[in-house]
Amino acid sequence: MYRKPVPALFALIAAAFVVTACSKDEEAVVDNYDPARDYFTFANTDQFVTEHLALDLDVDFEAQELRGFAMLTMRRLDAAASQVTLDTRDLSIASVAVLQSGTSVPAEFHFGEDDATLGTPLVIDLPAATGGSFDLMIEYRTSPASTALQWLPPELTAGGKHPLMFSQSQAVHARSWVPLQDTPAIRITYEATVRTPRSLLAVMSANNNPLTPRTGEYHFDMPQPIPSYLLAIAVGNLYFAPLGEDTGVYTEPELLDASVYEFADTQAMLEQAEAMYGPYDWGRYDLLVLPPSFPYGGMENPRLSFITPSLLAGDRSLVSVIAHELAHSWSGNLVTNATWRDGWLNEGMTSYIESRLMEVIYDVDRVDEERVLSYRELLQDLEDVPEPMQALAPRLDDTSSEDFQGGIHYSKGQLFLEYLEKAFGREAFDVFLTSYFEEFAFGTITTEQFLDYLELNLLSQEGSPVTREQAEQWTYQPGLPDGAPIPRSANLDSAAAMAIAWADDEIELADIPVGDWSPQATIHFINSLPEKLSKEKLGQLDAAWGLSKTSNAEIGRTWFIQVATRRYTDAYTELEAHLNRFGRGRLIAPVYGALASNGEDRELALEMFERARGAYHPITAGWIEAGIKRAAD
Ligand code: BES
Ligand code: ZN
8 MYRKPVPALF ALIAAAFVVT ACSKDEEAVV DNYDPARDYF TFANTDQFVT EHLALDLDVD
68 FEAQELRGFA MLTMRRLDAA ASQVTLDTRD LSIASVAVLQ SGTSVPAEFH FGEDDATLGT
128 PLVIDLPAAT GGSFDLMIEY RTSPASTALQ WLPPELTAGG KHPLMFSQSQ AVHARSWVPL
188 QDTPAIRITY EATVRTPRSL LAVMSANNNP LTPRTGEYHF DMPQPIPSYL LAIAVGNLYF
248 APLGEDTGVY TEPELLDASV YEFADTQAML EQAEAMYGPY DWGRYDLLVL PPSFPYGGME
308 NPRLSFITPS LLAGDRSLVS VIAHELAHSW SGNLVTNATW RDGWLNEGMT SYIESRLMEV
368 IYDVDRVDEE RVLSYRELLQ DLEDVPEPMQ ALAPRLDDTS SEDFQGGIHY SKGQLFLEYL
428 EKAFGREAFD VFLTSYFEEF AFGTITTEQF LDYLELNLLS QEGSPVTREQ AEQWTYQPGL
488 PDGAPIPRSA NLDSAAAMAI AWADDEIELA DIPVGDWSPQ ATIHFINSLP EKLSKEKLGQ
548 LDAAWGLSKT SNAEIGRTWF IQVATRRYTD AYTELEAHLN RFGRGRLIAP VYGALASNGE
608 DRELALEMFE RARGAYHPIT AGWIEAGIKR AAD
């Protein structure tokens with residue numbers, strides 16, 4: 008996965024400066040890795056940039072394809088450049104033309120070599136007379152194998168009567184449904200006309216009008232410039248219900264009431280986020296609750312976050328995911344990581360804001376519980392992830408795109424910001440973040456730019472409690488620096504103590520006040536059980552607390568990982584039911600992994616996967632396969 012481990016990224020950056028002064032021989036030993044370059048695109052963005060995209064697409068469920076036109080409004084940066092290279096993957100291109108001052112001139116084009124991660128470059132030769140600003144009109148169709156699109160038959164939807172299609176473009180999949188410059192470094196506005204079967208509704212990461220009549224032809228505008236990974240579309244038997252004045256939810260009618268109940272706090276979250284970090288720049292904020300195969304908890308598509316139905320626990324206990332996706336409206340969508348190597352500036356900062364919002368909307372104890380759980384996962388990640396990838400801003404030029412999404416960006420990034428918050432005080436740090444969003448709004452940010460801005464505004468103050476060197480230790484070094492905050496929760500400490508006491512027969516299950524506990528405390532109890540625990544005791548616990556039948560997806564995930572690790576075979580039927588009920592990678596991939604690595608059940612894991620895989624998204628299936636394979640090594 009990672010070709011050339013390096014001790015520290017800043018050593019590399021320093022080496023890149025030295026290189027100019029080196030003789031040829033010395034130069035050969037230092038490679039020219041450029042941390043600010045996006046290694047996940049073929050596009051020649053130093054020569055041309057896209058400013059606007061106009062889509063005109065037919066949604067064909069029978070052929071499982073999108074078909075139509077993409078018009079890219081482009082500007083030339085390099086007067087000598089005559090070829091535009093776009094990113095594509097599995098697209099069929101029928102024609103390319105250059106439109107300029109009302110005339111259309113056909114352009115020659117060819118595909119370059121395929122790459123498993125990056126797809127296929129589309130090279131377009133511009134006609135000789137092409138000026139500095141022009142439109143590229145591309146007629147194309149997607150393939151049923153498009154890595155961004157999942158075409159669900161009616162059986163895999165809540166209603167069971169209509170098909171449903173949704174996209175997932177992050178990180179490098181937009182290119183499999185639109186030919187474009189697929190890099191977060193470029194921002195575009197967009198508009199789209201989408202034709203669907205008459206009874207279905209299309210929604211996009213754009214200005215969805217809740218009152219749109221269901222005509223089968225829908226028009227969208229996205230007037231704010233966004234990076235390509237935020238292009239999103241879904242089509243299905245979708246209906247809308249309001250949550251608040253500027254917020255609402257789209258989903259199949261069967262899930263509408265449950266969604267309205269679960270996500271009732273969305274409007275309050277939006278208002279709180281604005282109060283803390285400045286205006287919400289996007290118009291409405293709606294949710295789209297998808298079928299179970301959606302591979303993530305949520306995806307921050309602007310104006311319309313895509314959400315897993317596994318959050319519908321009935322008690323609002325999993326809505327930190329909503330706070331997270333909403334927070335991306337600032338950290339990520341407004342100020343965007345320049346390349347995926349800077350992903351912690353999207354995900355770490357978002358996790359930080361998510362917790363801050365949850366503290367206000369709920370309470371600090373609940374959030375401390377969530378902090379402790381993510382810290383525990385982070386410590387596990389730090390054991391599993393090779394050192395060079397433990398930096399917040401790791402070297403990233405040779406990693407498959409789905410691999411670079413570890414917990415490091417999220418939890419270590421959050422801890423870094425909590426460390427800064429504690430050092431400078433909440434008030435000063437809030438002022439800093441608000442001005443950061445204002446300064447870099449609708450732009451991109453590298454780790455180095457962030458550090459410079461931090462230095463300018465906080466670190467260079469007289470008597471600053473944090474030095475630049477300390478900040479760089481977080482961004483460029485493995486592990487956690489000395490002085491990293493350690494999340495604590497009295498509730499979870501007590502749950503852990505009870506787990507040990509019960510395992511040692513010092514207390515009875517009846518002595519444990521599980522009825523008063525949060526799901527997070529139950530999760531921590533399960534995770535704190537000692538390695539040695541009889542099957543009989545596991546059975547008692549399951550019977551008393553109904554763990555195998557839990558309706559809380561995160562409790563189920565935790566329990567079934569333990570069931571698999573400990574080979575508690577009495578619950579294997581329910582374990583398989585869990586694997587069939589959910590499609591979100593986080594909820595199921597580690598359960599398969601635990602089964603495959605318990606020393607006995609690798610075959611069983613493969614069999615269960617074979618039975619369930621038809622309902623999974625290819626991204627999730629990929630994670631499961633990788634997990635089962637890792638277990639074999
Ligand atoms: N943007 C991510 C999802 C993502 C990351 C998709 C990388 C593709 C590549 C989203 O905001 C996210 O972080 N989702 C988490 C939510 C959780 C941390 C609250 C998820 O899906 O688990
Ligand atoms: Zn996120």
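The sequence shown begins at 8 in our numbering and counts up by one.
We put the beta carbon where it would ideally sit given N, CA and C, even for glycine.
Under a 10 Å Cβ-count criterion, Asp-608 is classified as buried, with 16 or more other Cβ atoms of the shown protein chains found around its own Cβ. Residues Ala-280, Tyr-287, Asp-288, Trp-289, Tyr-292, Glu-307, Pro-309 of the same chain have their beta carbon placed closer than 8 Å to that of Ser-336, with the five preceding and five following residues left out of the count. With contact defined as three or more Cβ pairs closer than 8 Å, the region 376-387 and the region 337-354 are not in contact. Around the beta carbon of His-180, 16 or more other beta carbons lie within 10 angstroms, which makes this residue buried.
Around Ala-502, the same chain offers Ala-528, His-531, Phe-532 as residues with beta carbons nearer than 6 Å, after the five sequence neighbours per side are excluded. About 14 Å separates the Cβ atoms of Phe-457 and Leu-341, ruling out a contact at the 8 Å cut-off. A Cβ-Cβ distance of about 6 Å is found for the pair Thr-127 and Arg-96, placing them in contact under the 8 Å criterion.
Distance from the Cα of Asn-244 is smallest, within the candidate group Tyr-575, Ser-317, Ala-603, Thr-258, for Thr-258. Of the heavy atoms belonging to ligand 1, at least one sits nearer than 7 Å to the Cβ of Glu-332. Short note on Ser-174: C-beta not closer than 7 Å to any heavy atom of ligand 1.
Around the beta carbon of Tyr-359, a 10 Å sphere encloses 16 or more other beta carbons of the protein chains shown; the residue is thus reported as buried.
Secondary structure in the region 510-563: the alpha helix (DSSP H) runs of 4 residues or longer, each lying completely within the stretch, are 526-534, 542-552 in chain order. For Phe-247, the closest C-alpha among the options Ala-239, Pro-232, Leu-297 is that of Leu-297. Beta-bridge annotation (DSSP): Pro-234 is paired with Arg-194. The shortest CA-to-CA distance from Ile-240 to any of Ser-176, Leu-218, Glu-252 is the one to Ser-176.
With respect to the 8 Å criterion, Arg-83 and Gly-167 are not classified as neighbours on the basis of their beta carbons.
Short note on Glu-307: C-beta closer than 7 Å to some heavy atom of ligand 2. For Thr-357, the CB falls within less than 7 Å of some heavy atom of ligand 2.
The three-state reading of DSSP puts Trp-347 in helix, counting H, G and I together. DSSP assignment within the region 408-486 yields the following whole alpha helix (DSSP H) runs of 4 residues or more, N-terminal first: 420-431, 433-446, 454-461, 475-483. At a Cβ-Cβ threshold of 8 Å, Ile-131 and Ala-114 count as neighbours. In the three-state scheme derived from DSSP, where H, G and I count as helix and E and B as strand, His-226 is classed as strand. Assigned with DSSP and collapsed to three states, Val-371 falls in helix. A buried status is given to Arg-402, since no fewer than 16 other beta-carbon atoms sit within 10 Å of its beta-carbon. Glu-354 has its CB nearer than 7 Å to a heavy atom of ligand 1.
In the pairwise beta carbon analysis, the region 150-162 is classified as not touching the region 108-123: fewer than three pairs are separated by under 8 Å. Ranking Ser-300, Pro-232, Ala-478 by CA distance to the CA of Phe-431 puts Ala-478 first. Under the 10 Å beta carbon count, Phe-567 is surrounded by 16 or more other beta carbons and is classified as buried. CA-CA distance, Thr-48 to Leu-536, rounds to 46 Å. Annotation for His-180 indicates a beta carbon at 7 Å or more from all heavy atoms of ligand 2. The beta-carbon separation of Leu-93 and Gln-188, rounded to 6 Å, stays under the 8 Å limit for a contact.
Out of Met-144, Arg-588, Glu-58, Tyr-268, the CA that lies nearest to the CA of Lys-556 is found in Arg-588. According to the DSSP assignment, Trp-158 belongs to the beta strand (DSSP E) that extends over 156-159.
Shown here, Asp-500 sits in a helix according to DSSP, grouped into three states.
In the three-state scheme derived from DSSP, where H, G and I count as helix and E and B as strand, Pro-309 is classed as coil. For Ser-266, the closest C-alpha among the options Leu-277, Asp-253, Leu-295, Val-242 is that of Leu-295.
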